[in-house]
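Everything below concerns the one structure shown next.
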Amino acid sequence: MTTAECYPCAKEAQFDSLPPREHVASDRHWRVAHAFGTALPGWLVLLPRRHVTAVHDLTDAEAATLGTWQVSLSGALRDVTGCDKTYVVQFAEAEGFAHVHFHIVPRTAELPQEQRGPGIFELLRAPESERVTADQADRMALALRARLGEHPDGV
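Take the sequence shown: its position 34, counted from the start at 1, is 27 in this note's numbering, and no numbers get skipped.
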């Protein structure tokens, strides 16, 4: 796969013009986006800004901030969505998405039992009428960005 065929790399090439949903926050090594095609507001994706397809290929610098990002994003999601906890998941197996990425997913108390744990991925298969719209994702992204900006030492 070339980086031209990689969805995250194609978005990274447009970095300066990305809408809020595609650029919630970033640093030199990582970019945070709101997931598309999900029925769950606040479902985030943490992506390395360079093309990498396996966690063991992350640089020391990327690895050094990975945990900080995961914890900071989890805290921001708790504050903005009211979730009880977050799931952090990494597979990078879907066609066009072999680029390493971490799903940071808010889990609320109201979430049905069958959608907890691995069942959360059912929310990526919801009918289009139930999915988060681009406008909703942008609003969530801006709320999360504002929350992350309140704690500049957190990321």
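Beta carbons are placed, not taken as given, at the ideal position from N, Cα and C, and that holds for glycine.
For residue 112, the closest of 100, 122, 123, 53 by C-alpha to C-alpha distance is 100. Taking C-beta separations shorter than 6 Å and ignoring five residues to either side along the sequence, the partners of residue 137 in its chain run 17, 69, 73, following chain order. Spatial neighbours of residue 14 in its own chain (CB-CB distance under 8 Å, excluding positions within 5 residues in sequence) are listed in chain order as 26, 27, 29, 127, 130, 131, 133, 134. Between the C-alpha atoms of residue 141 and residue 37 there is a straight-line separation of about 13 Å. Residue burial annotation: residue 5 is buried, with at least 16 other C-beta atoms found within 10 angstroms of its C-beta.
Beta bridge pairing from DSSP links residue 79 with 99. Residue burial annotation: residue 105 is exposed, with fewer than 16 other C-beta atoms found within 10 angstroms of its C-beta.
Scanning the stretch 22 to 95 from its first residue to its last, the whole alpha helix (DSSP H) runs of 4-plus residues come out as 53 to 74. Taking C-beta atoms under 8 Å as the contact rule, residue 98 and residue 79 qualify, at a distance of about 6 Å. Our two residues, residue 51 and residue 89, have alpha carbons roughly 19 Å apart in a direct line. Inter-residue distance for residue 0 and residue 11 is about 13 Å (C-alpha atoms, whole angstroms). Scanning its chain for C-beta atoms nearer than 6 Å, with the 5 sequence neighbours on each side dropped, one finds around residue 24 the residues 40, 42, in chain order.
Residue 76 sits away from residue 44, with the two beta carbons spaced by 8 Å or more.
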